[in-house]
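When the letters of the sequence shown are read in order and numbered with this note's numbering, they come out as residues 780 to 1029.
Report on the structure given below.
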Amino acid sequence: MSSPETQQQQLAQEKQLVAATAAGWVRDGMVVGLGTGSTAAPFIELLGQRVREDGLRIQATATSRASDELAREVGIPMLEPRRGLRFDLTVDGADELDSQLRLIKGGGGALLREKVIATASDYLLIVADSSKAVAQLGRFPLPLEVVPFALPWVLDAVAALGGAPVVRVNKLNPAELAQSDQGNLLVDCHFEQIEDPSALALQLKTIPGMVEHGLFLGLARAAIIVQGGAAQVLRPGQAAVAAAAFSALP
Ligand SMILES: O=C(CO)[C@H](O)[C@H](O)COP(=O)(O)O
780 MSSPETQQQQ
790 LAQEKQLVAA
800 TAAGWVRDGM
810 VVGLGTGSTA
820 APFIELLGQR
830 VREDGLRIQA
840 TATSRASDEL
850 AREVGIPMLE
860 PRRGLRFDLT
870 VDGADELDSQ
880 LRLIKGGGGA
890 LLREKVIATA
900 SDYLLIVADS
910 SKAVAQLGRF
920 PLPLEVVPFA
930 LPWVLDAVAA
940 LGGAPVVRVN
950 KLNPAELAQS
960 DQGNLLVDCH
970 FEQIEDPSAL
980 ALQLKTIPGM
990 VEHGLFLGLA
1000 RAAIIVQGGA
1010 AQVLRPGQAA
1020 VAAAAFSALP
């Protein structure tokens, strides 16, 4: 058994590897959606490097303020949201993914913008370290974005669905509640096992004041994860293929 530090280092290396593989799939002229989190961040940095050093011509929109700031810092030309804007490729992380590429997202609190951009994308590519692949979704608490006024009733409704809710606190100041980029609250729902993600997604959507949930179903076209030390491409319901077999989007 390796130490927790060694495991963290290994996962950090995996994030770099999947981020670099995804950055290699971006082509001149693409409009790119930029995800949020510790796997999306190295992707943004490497993409910026391609823009600065190779003259890659792309435009992008980010799924969070943090990713937007990083993208501008590394020199990626940014687009504001506007009608008709579509993304050729969005690269984002995930908290859990199953073999159908159903996802839990929102660990970083950006699930609303992430779902908006994912839905406006022709190709959602997930980049994840090996700890994220699961047989069944639900061990990772499912994040919800909630309008502050509605919080008590949303907590009641989620508890009735069996997902013990915990209101997220600000990591830097645990006396405060965490806020999304939209000023909403975040609630983490402990389901442990989600037997039927589609049914749960429909039930959650009926709760007033629950703005968005972190189940991303039927959105991801592919994922790059690390298995056996090498980057592998997963597509919904298909066997993994070595990423080295692709030089562009599969
Ligand atoms: O959904 C997200 C942020 O809202 C992230 O993609 C998810 O939390 C994975 O993050 P990381 O790559 O840091 O593990």
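Just so you know, even glycine gets a beta-carbon here, dropped at the ideal spot from N, CA and C.
Item to complete: On the DSSP bridge assignment, give the partners of residue 900 in chain order.
Response: 866
Fill in: Spatial distance of residue 924 from residue 984 (CA atoms)
Using only the alpha carbons, I get a separation of about 12 Å.
Worksheet item: Secondary structure at residue 838, three-state DSSP: helix, strand or coil?
Response: strand
Discussion item. Let me check you understand the geometry: is the CB of residue 826 closer than 7 Å to at least one non-hydrogen atom of ligand 1?
Written reply: no
Fill in: Residue environment, residue 857, which counts as buried when at least 16 other CB atoms sit within 10 Å
exposed
Discussion item. Let me confirm a value: residue 1011 is counted as buried when at least 16 other C-beta atoms fall within 10 Å, else exposed. Which label applies?
Written reply: buried
Practice prompt. Note down the Cα distance separating residue 1029 from residue 965, rounded to an integer number of angstroms.
Written response: 35 Å
Worksheet item: In terms of alpha-carbon separation, which member of 913, 907 and 872 lies closest to residue 893?
Response: Proximity to residue 893 across 913, 907 and 872 peaks at 872, based on C-alpha coordinates.
Worksheet item: Using the C-alpha atoms, what's the distance from residue 909 back to residue 816?
Response: 15 Å
Worksheet entry | 8 Å Cβ cutoff met for residue 905 and residue 999 | yes
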